[in-house]
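**Q** In the order they appear, the protein sequences are chains X and D. When you line the first sequence up against the numbering used here, it's residues 1 to 558, in that order. When you line the second sequence up against the numbering used here, it's residues 1 to 89, in that order. Just so it is clear, CB atoms sit at the ideal spot from N, CA and C, and this is done for glycine as well. Handing you a structure now.
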Amino acid sequence: YKTFDGDLKWDHQDITYRIVNYSPDMDSSLIDDAFARAFKVWSDVTPLTFTRLFDGTADIMISFGRADHGDPYPFDGKDGLLAHAYPPGEGVQGDAHFDEDEYWTLGKGTVVKTRYGNANGAECHFPFIFEGKSYSTCTTEGRTDNLPWCATTADYSRDKQYGFCPSELLYTFGGNANGAECVFPFIFQGEEYESCTTEGRSDGYRWCATTANFDKDLTYGFCPSRDTAVIGGNSEGEPCHFPFVFLGKEYSSCTSEGRGDGKLWCATTDDYDEDKKWGFCPDQGYSLFLVAAHEFGHALGLDHSNIREALMYPMYSYVEDFSLHEDDVEGIQYLYGNNRTRSHSPTTDPTDEPEPTDPTTPVVPVDPTKDACKQDKFDTITVIDGQLHFFKDGLYWKKSSSSEAELKGPFVISEKWSALPAVIDSSFQDLLTNKLYFFSGTRFWVYTGKNVLGPRSIEKLGLPSSVQKVEGALQRGKGKVLLFSGENFWRLDVKAQKIDRGYPRYTDAVFGGVPNDAHDVFHFKGHIYFCRDRFYWRMNSRRQVDRVGYVKYDLLGC
Amino acid sequence: WSVPLKSVFVTFPGDILKNKTDTELAESYLQRFGYMNTLQRSGFQSMVSTSKALKRMQRQMGLEETGELDKATLEAMRQPRCGVPDVAN
């Protein structure tokens, strides 16, 4: 760990903080809670206490802002810099700033907390079923007042549990109208507005009047972002408009076309070429809790650590079950001493799910709440009997090739293929014999119906001992399969059970434009898919990358 | 065969341009996070060589200290991160 030069620290232990403004990305109660939990990370291991002030000057003033936000260190748009904070002291010292151009979540995608309805403010359950149709976003279906709503359990028809989603038609935040809803149309400087606007502001926040005439009544509030709203660009808070036209071509989903960074975007009107209105599509977002805990470390006097697992390491990475690293504890206790009366208990994210039940024990039922849509990435994805199979940590889900098909699972791997370990790196079905090949580490198994051969060493196939795992398998006609590992691939003659001569070859020499460290490679509906993290690169039969997208949305149908 | 579809890159209004070359990215990263400047005992601030700065950055990030702008270093520079400099100024 490192402290700032001169060991800058607070000269008192009862630290105050104030949340100056809110992000429209999350309900204000979730933001309050994320900050409170981030402070608790530090108060658990020191004698420090943190008290929230609602006005005046606090030791730690917390605010959201974008680009130039009033200090000499501007933010840089989406991604890149996420936040910064100043070491302890007077004035701006001790303050923490968060980049509004980021998508702030709890680290695992959109969090939609409901209001009103009958679910006591529970979070939306996506997907949910309403009148036989599955919904992955809030909807206005079934209502005449245009208010978006969602079910808070998987099946509205069965449970009838629902709440309303963020909407300017329901409430505003900040401003001076005590959260009243927008009134449309409203007059501002003689002009009539039919929706929230950023006019009159330099910070990009969308606002509306809460009476019909702002010029006369001067009451206003900020508009909460809907769950389908875009991030950044020049249309923050507006929903994508599908289909939209870009460079003369029509798009019905988010695209990375036109960008060199691969980020998915959409237009917010029907014609980008004409209106030039756009924004990034919502993604997993950054955990406000984790980033805040790091920034508060600075605000208390810790500089960056060079231990990768420490909270004070400068790079962001999402961790599911957070607990403060020993290095952070030593650092903060060097400044403030320890607190023997408080236990150092790990802090968990409220969205944490229980761990899956032991998948190797067939008698233990699968946790039905284990949701494929909440997986960041899969161990392997493959096609078995025409259905996409997604494997992860002893479980698998399957989906038929129709895009409307329902995702089924999770199922326990060991119940179907009892010889297999929990983690499957790669798999393929031989087109000639229908045999299933599974790879895990340096071993592989072959299933013919319920009969299994293996495990055998992959060296028996002729792969070198340097190959630690097979990460992808691609059918190349009958009897030949390409096996991918690292930046190389080999061609396996399935009948001879041997690698062909002339291999390995470099993946990027043959498959241009895809990541050469893909962890899943498979063939599906005439295309080759290369997956890295939560994204896929789709290649057509002419080996041209014709689409980059999200596994979650396009393949799983979340 | 192996050439990806040619994409047309456009300038999106309101976007903060990040289409920097690798060298430009590295230079701005090393500057922004304090690796290029060193404060001498005399109080004189001097610029260190890019290679030295890269080594310092690689040490801080737990990367192999090559002093060169290799793939792992570039990847680290593209990661989302905190805006507080790694080397105090």
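1) Which bits of chain X does D/Arg56 rub up against, with CB to CB less than 9 Å?
2) Check whether the Cβ of D/Gly14 lies closer than 8 Å to any Cβ atom in chain X.
3) Between the region 60 to 87 of chain D and chain X, which residues of the former have a C-beta closer than 8 Å to a C-beta of the latter?
4) Would the C-beta of X/Ile413 count as close to the ligand NAD, meaning under 7 Å from any of its heavy atoms?
5) Does any residue of chain D have a CB that is nearer than 8 Å to the CB of X/Asp303?
6) Can you tell me which residues form a DSSP beta bridge with X/Glu192?
7) Give me the chain D residues within the contact set of X/Glu295, using Cβ-Cβ distance strictly less than 9 Å, ordered along the chain.
8) What residue does the alpha helix (DSSP H) around D/Ser51 start on, and which one ends it?
9) Which class does X/Gly331 belong to by DSSP, given the choice of helix, strand or coil?
10) If you run the structure through DSSP and keep just helix, strand and coil, what is D/Cys82?
11) For X/Trp42, name the three-state secondary structure that DSSP assigns.
12) Identify, in the order they occur along the chain, each residue of the same chain with its Cβ nearer than 7 Å to the Cβ of X/Gln475, setting aside the five sequence neighbours on each side.
13) Assign X/Phe378 to one of three DSSP states: helix, strand, or coil.
14) What are the partner residues of X/Pro239, as DSSP defines its beta bridges?
15) Report the neighbours of X/Asn234 on chain D: residues whose CB is nearer than 7 Å to its CB, in chain order.
16) For X/Lys408, which residues in the same chain have their Cβ closer than 6 Å to its Cβ, ignoring the five residues on either side in sequence?
17) Does the beta-carbon distance from X/Asp379 to X/Val423 come in below 8 Å?
18) Hey, is the region 200 to 207 of chain X in contact with the region 216 to 223 of chain X, meaning 3+ C-beta pairs nearer than 8 Å?
19) Using a 10 Å radius around the Cβ and a threshold of 16 neighbouring Cβ atoms, would you call X/Gly65 buried or exposed?
20) Count the other C-beta atoms from every protein chain shown that fall within 10 angstroms of the C-beta of X/Asp14, then say buried if there are 16 or more, exposed otherwise.
21) Can you confirm whether X/Arg206, when its beta carbon is compared against all beta carbons of chain D, has any partner nearer than 8 Å?
22) To the nearest angstrom, how far is it from the Cα of X/Leu562 to the Cα of X/Ser63?
23) Report, in whole angstroms, the separation of the C-beta atoms of X/Gly331 and X/Leu302, which I expect to be a contact under 8 Å.
24) By DSSP's criteria, X/Thr16 is part of a beta bridge. Which residues make up the other side?
25) Output the residue ranges of the beta strand (DSSP E) runs that lie fully inside the region 394 to 436 of chain X and measure 3 residues or longer, sorted by chain position.
26) Got a sec: is the Cβ-Cβ distance from X/Trp417 to anything in chain D below 8 Å?
27) Chain D beta carbons: is any one of them nearer than 8 Å to that of X/Asp5?
28) Is the shortest distance between the beta-carbon of X/Tyr503 and the beta-carbons of chain D less than 8 Å?
29) Is X/Trp278 close to chain D, meaning its C-beta is less than 8 Å from at least one C-beta of that chain?
30) Any beta carbon of chain D sitting closer than 8 Å to that of X/His241?
31) Return the first residue and the last residue of the alpha helix (DSSP H) that X/His125 is part of.
32) To the nearest angstrom, how far is the alpha carbon of X/Asp7 from that of X/Val45?
33) Is X/His12 close to chain D, meaning its C-beta is less than 8 Å from at least one C-beta of that chain?
34) To the nearest angstrom, report how far apart X/Phe4 and X/Asp508 are at their CA atoms.
35) Compare the C-alpha of D/Phe12 against each of X/Leu492, X/Asp425 and X/Gly77 and name the closest.
36) Using 8 Å as the Cβ pair cut-off and three pairs as the minimum, do the region 103 to 122 of chain X and the region 243 to 254 of chain X touch?
**A** In short:
1) In chain order: nothing, as chain X lies at least about 11 Å away.
2) So, interface residue.
3) So the list reads Gln60, Met61, Gly62, Ala76, Gln79, Pro80, Arg81, Cys82, Gly83, Val84 and Asp86, given in the order they occur along the chain.
4) Among the components of this structure there are no ligands whatsoever, and the ligand NAD is therefore not found.
5) So yes, X/Asp303 belongs to the interface.
6) X/Ile187, per the DSSP bridge assignment.
7) Cys82 and Val84, listed in chain order.
8) For D/Ser51, the uninterrupted alpha helix (DSSP H) run begins and ends at Thr50 to Gln60, by DSSP.
9) Residue state for X/Gly331 is assigned as helix, using DSSP reduced to three classes.
10) Residue state, collapsed to three classes: strand.
11) Helix, per DSSP.
12) Spatial neighbours of X/Gln475 in its own chain (CB-CB distance under 7 Å, excluding positions within 5 residues in sequence) are listed in chain order as Phe428, Leu431, Val481 and His523.
13) If DSSP states are grouped into helix, strand and coil, X/Phe378 belongs with coil.
14) In DSSP, X/Pro239 forms a bridge with X/Ala229.
15) X/Asn234 reaches chain D at Pro13 and Gly14, counting residues in chain order whose Cβ is nearer than 7 Å.
16) Result list for X/Lys408: Lys398, in chain order.
17) Using a Cβ distance threshold of 8 Å, X/Asp379 and X/Val423 count as a contacting pair.
18) By the C-beta criterion, the region 200 to 207 of chain X is judged to be in contact with the region 216 to 223 of chain X, since at least 3 inter-stretch pairs fall below 8 Å.
19) By the neighbour-count rule (16 or more Cβ atoms within 10 Å), X/Gly65 is buried.
20) X/Asp14 is exposed by the Cβ-count criterion.
21) Using beta-carbon distances, X/Arg206 does not count as an interface residue toward chain D, since no partner is under 8 Å.
22) Outside the displayed range of chain X (1 to 558) lies residue 562 of chain X, so it cannot be described from this structure.
23) Confirmed, about 5 Å.
24) Answer by DSSP bridge pairing, in chain order: X/Thr51.
25) Within the region 394 to 436 of chain X, the complete beta strand (DSSP E) runs of at least 3 residues are 395 to 399, 408 to 412 and 426 to 429.
26) By this cut-off, X/Trp417 is not an interface position.
27) Yes, because at least one Cβ of chain D sits closer than 8 Å to the Cβ of X/Asp5.
28) False, the Cβ-Cβ gap to chain D never drops below 8 Å.
29) Yes, X/Trp278 lies at the interface with chain D (some Cβ there is under 8 Å from its Cβ).
30) So no, X/His241 is outside the interface.
31) In this chain, X/His125 is not harboured by any alpha helix (DSSP H), its DSSP state being neither H nor E.
32) Distance between the alpha carbons of X/Asp7 and X/Val45: 18 Å.
33) No - not a single Cβ of chain D is within 8 Å of the one on X/His12.
34) Distance from the CA atom of X/Phe4 to the CA atom of X/Asp508, rounded to whole angstroms, is 45 Å.
35) Ranking the options by Cα distance to D/Phe12, first place goes to X/Gly77.
36) Touching, no.
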